[in-house]
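Take a look at the structure below.
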Amino acid sequence: AVSDLNAQIIKGEKAVSISHTSAIPVLGIRNVANGFTGLPLIDPQIDYKGAVDASQFMTDGKGQVYLNATVNDDKGNKIGTLKTVLRVAAQANNGVDSNVMLYASSADSGFFGGLPQSAEGVFDSGDAYSFARTLFPGIAETWSDNGTAYAPGNVGQFDFSSTANTYHAYYASGIPQDANLSITLDQPAASDAIKWHVSLPITVSYN
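The opening residue of the sequence shown carries number 1 in UniProt numbering; numbering runs sequentially from there.
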């Protein structure tokens, strides 16, 4: 949970922008130590429950997509909506001939639902791994290039079905430090202080 996200709102206003001093982690997935042997039907599938539309990733090379969520008061009642940018970094290798930053166009690929659906939306840079480690430092404890090398431009889709391969993979999503949180209230603010929270129910299943 993230707290102390405060901003001044003027009584009678409906919109407020909130800045934050560090990236906010949302979802992290990593391989076990020493990687894992492939099997059928183990491709992770990610469902952000409507908060993210994976078909709408920006084509800026930073793995970014808008995140929209419901804002509730301290009693659980909806009082508005939040919009911000979610950045996704995801990488996988097969230990033989492929080490790529990931997209997923269908449920046959790992991390479908949480990745861009085409190569144009991928965070295609060594900075992607750095961003992932910033969000979830534990990724560095188990990730390995596994005898293969990544270079910018290496993007692709992965399924993890080959029993002949040892895979390494990670997925990290979060709100970057430079992305403000924009809240629009359903009703004008009745006071200068509002207690609020946002929940992001996320499901990870395997296909």
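Glycine residues also receive a C-beta, built at the ideal position from the N, C-alpha and C atoms.
M101 - partner residues in DSSP beta bridges: In the DSSP assignment, the residues bridged to M101 are Q91 and V155.
Three or more C-beta pairs closer than 8 Å, one from the stretch 161-169 and one from the stretch 134-146: is that the case here? yes
May I have the straight-line CA-CA distance separating G156 from Q91, to the nearest angstrom? Counting only the Cα atoms, Q91 lies some 9 Å from G156.
Three-state secondary structure (DSSP) of A189: coil
Cβ-based burial, T84 [other Cβ within 10 Å; buried from 16]: buried
Just checking, does the stretch 92-106 make contact with the stretch 122-139 on the three C-beta pairs under 8 Å criterion? Contact between the stretch 92-106 and the stretch 122-139 is present: 3 or more CB-CB pairs across the two stretches fall below 8 Å.
D53 by DSSP, collapsed to three states: which one? coil
Tell me the rounded alpha-carbon separation between T21 and D74. 24 Å
Delimiting residues of the beta strand (DSSP E) encompassing L67: Q64 to D73
Given L135, which residues of its chain have a CB within under 7 Å of its CB, disregarding the five upstream and five downstream residues? Taken in chain order, the residues that qualify are A23, P25, G28, A172 and G174.
Provide the residue(s) that pair with F30 in DSSP beta bridges, ordered along the chain. The identity of residue 30 in the sequence shown is Arg, whereas the question assumes Phe. In the DSSP assignment, R30 is bridged to Y170.
Rounded to whole angstroms, what's the CA-CA distance from S56 to T37? Just pull it up for me. Rather than Ser, the amino acid found at residue 56 in this sequence is Gln. Each residue's alpha carbon lies about 32 Å from the other.
Beta-carbon gap between V204 and A69 smaller than 8 Å: At least 8 Å separates the beta-carbon of V204 from that of A69.
Contacting residues, own chain, Cβ-Cβ under 8 Å from residue 208 (five flanking each side not counted): Residue coverage of the chain in this structure runs from 1 to 207, which leaves residue 208 outside it and unanswerable.
Using DSSP with H/G/I as helix, E/B as strand and the rest coil, what is D127? helix
Buried or exposed (CB count within 10 angstroms, at least 16 for buried), V96: Under this definition V96 is an exposed residue.
My assumption, with CB atoms under 8 Å, is that L82 sits in contact with V52. Please give the rounded CB distance. Not quite, the Cβ-Cβ distance comes to about 13 Å (not below 8 Å), so this is no contact.
So I18 and I183 are in contact, right, with Cβ under 8 Å, and what is the actual spacing, rounded? 7 Å
Pull up the distance between the alpha-carbon of G153 and that of F160, whole angstroms please. Between the alpha carbons of G153 and F160 lies a gap of roughly 21 Å.
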